[in-house]
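Peer 1: Mind looking over this structure? Questions follow.
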Amino acid sequence: MNAIPAQEVAGHCLQAFTQLVHVSQAAFYCVDRQLQARDFRLHGMSGEMHRDYLDNYRQFDPLQPSNCASSGLNVVPLSFAMARQPQRDNHRYQDFLLRYGVVDVVEILAHRAGQPQAAISLLRTAEQGAFTLDQLSQLNALQSLLQLAVANIQPNEDPLIDLTPRERQIALLLRQGASNKQLAQELNVGLPTIKTHLINLFRKTHASSRTELVGILFL
């Protein structure tokens, strides 16, 4: 079977899942080897909400891929995931949900070689109510179709595939010759944070200098 671009797979999967179970927002995303979500395709979710999540709340999300991977489930309800992480993190994530009127979330995962390859996140408002047991059962049944669709995603040749969104930003700015001070100003973070990101970038790429790092990622 021919490989299919990820965005095409994402569109079909989101259409199928959101027609089966009524939701307020949904997102399809791929999962890299560091178990980071990337290449999001949004459904009914504003760019503002998505940016707020990525910049301020992603680290507190009990349904992020690394947590879901250790759950042993293909369909992971929010209540199950929240029981597996510290309450202080749950409170921060609930602040995000409350801000956007979301009362329940469920994650549906597709795996390859035992690791999450892609997932769909479904969100519901108070008007729609929490996901019922019947709906979770329906999503479990549909997960095999997601698994089949994801198996045929076209390989991503993006050289930044294994980087987090913030590391991607830094790598692109480094290609433009940005200094540490310019990086800190552009990303509105302190110099120690920039140095930590650079250390992680050097570790992931096995580069020993900024010039070598840019060469590995872009040349």
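For our numbering, count along the sequence shown from 1 and bump the result up by 262. For every residue, glycine included, the Cβ atom is placed at its ideal position computed from N, Cα and C.
1) Expressed to the nearest angstrom, what Euclidean distance is found between the alpha-carbon atoms of L340 and L435?
2) Compare the C-alpha of Q292 against each of A278, S441, Q379, A413 and name the closest.
3) Using the rule of at least 16 other Cβ atoms within 10 Å of the residue's Cβ for burial, across every protein chain shown, is N414 buried or exposed?
4) State the Cα-Cα distance for the pair M263 and G376, rounded to the nearest angstrom.
5) Less than 8 Å separating the beta-carbons of R354 and F322?
6) Please confirm whether L422 has its beta-carbon closer than 8 Å to some beta-carbon of chain C.
7) To the nearest angstrom, how far is it from the Cα of L316 to the Cα of Q298?
8) What is the DSSP secondary structure of D301, counted as helix, strand or coil?
9) In whole angstroms, give me the CA-to-CA distance for D314 and Q447.
10) Hey, would you say N462 sits closer than 8 Å to L453, going by beta carbons?
11) Over what stretch of residues does the beta strand (DSSP E) that includes Y291 continue unbroken?
12) Mind checking F480: buried by the 16 CB within 10 Å criterion, or exposed?
13) Which class does H312 belong to by DSSP, given the choice of helix, strand or coil?
14) Whole angstroms is fine: what's the gap from V476's alpha carbon to F290's?
15) In angstroms, rounded to a whole number, what distance separates the CA positions of T280 and V337?
16) Rounded to whole angstroms, what is the Cα-Cα separation between P327 and D351?
17) Where does D424 fall in DSSP's three states?
18) Return the CA-CA distance between L398 and R346, expressed in angstroms with no decimal places.
19) DSSP on S383, reduced to helix/strand/coil?
Peer 2: Inspection of the coordinates gives the following:
1) 36 Å
2) A small fix is needed here, since residue 292 is Cys in this sequence, not Gln. It is Q379.
3) exposed
4) Summary for M263: the model assigns pLDDT 47, below 50, so the residue's position carries little reliability; its value from the coordinates is reported in the next sentence. Distance between the alpha carbons of M263 and G376 is about 21 Å.
5) yes
6) No chain C appears in the structure shown, which is made up of a single protein chain.
7) 11 Å
8) strand
9) 19 Å
10) no
11) 287-293
12) exposed
13) helix
14) 29 Å
15) 15 Å
16) 16 Å
17) coil
18) 19 Å
19) strand
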